[in-house]
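Trainee: In our numbering, each residue carries its 1-based index in the sequence shown increased by 64. Just dropping this structure here.
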Amino acid sequence: MASVDAIVAALYDVISGPVGQARDWNRLRSLFIPESRMMPVGQRPDGSAGMRLLRVNDYVAMSGALLVEKGFHERELARRTERFGHIAHVFSTYEGKLEGEAEAMRGINSIQLMHDGKRWWIVSLMWEAENPTLKLPAQYLPGGG
């Protein structure tokens, strides 16, 4: 992948699809370095924050069947990118929706990337969804400063 834009677009594309559509998990794997991590962050019932530390194959095992069974579409709403030399950090605001659900979920994907001289690779992907006590700030929404 020649650009950060292409990697981020492929990330959203590969997990999105209608009910019954198999996802191309090899394509997902091809976006990440082998040692990469995917880290969902969320609020526990006691109010504290927790994180799962997953490899790409863990994510596929945990979410793959559900994405196909329920149908899921995720799209990027806004982005902030910082780049220095061979590294980049992308704060990508997302909106995701299960098919048939009226309510969409939103949050931030924090994506760290590295360029190896030939292409960009995702090194880590951490995300957190909005919840009743955590709303997206204006600067991470479309048109935000």
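All C-beta atoms, glycine included, are put in the ideal place defined by N, C-alpha and C.
Identify, in the order they occur along the chain, each residue of the same chain with its Cβ nearer than 8 Å to the Cβ of R170, setting aside the five sequence neighbours on each side.
Mentor: Only L141, T157, Y158, E159, G160, A193, E194 and L200 meet the Cβ criterion.
Trainee: List the endpoints of the continuous alpha helix (DSSP H) containing E133.
Mentor: Note, E133: alpha helix (DSSP H), V120 to K134.
Trainee: Tell me which residue opens and which closes the alpha helix (DSSP H) that V68 is part of.
Mentor: Where V68 is concerned, the enclosing alpha helix (DSSP H) stretches over V68 to I79.
Trainee: Closest by CA to E99, which one among E167, R139, R144 and L118?
Mentor: Checking every option, the nearest Cα to that of E99 belongs to L118.
Trainee: Thinking just about the alpha-carbon of each residue, which of V105, A86, Q85 and R147 is nearest to the one in N173?
Mentor: With distances taken between Cα atoms, N173 lies closest to V105.
Trainee: Taking only three categories from DSSP, how would you classify L200?
Mentor: It is coil, neither helix nor strand.
Trainee: Can you tell me whether R101 is helix, strand or coil according to DSSP?
Mentor: Residue state, collapsed to three classes: strand.
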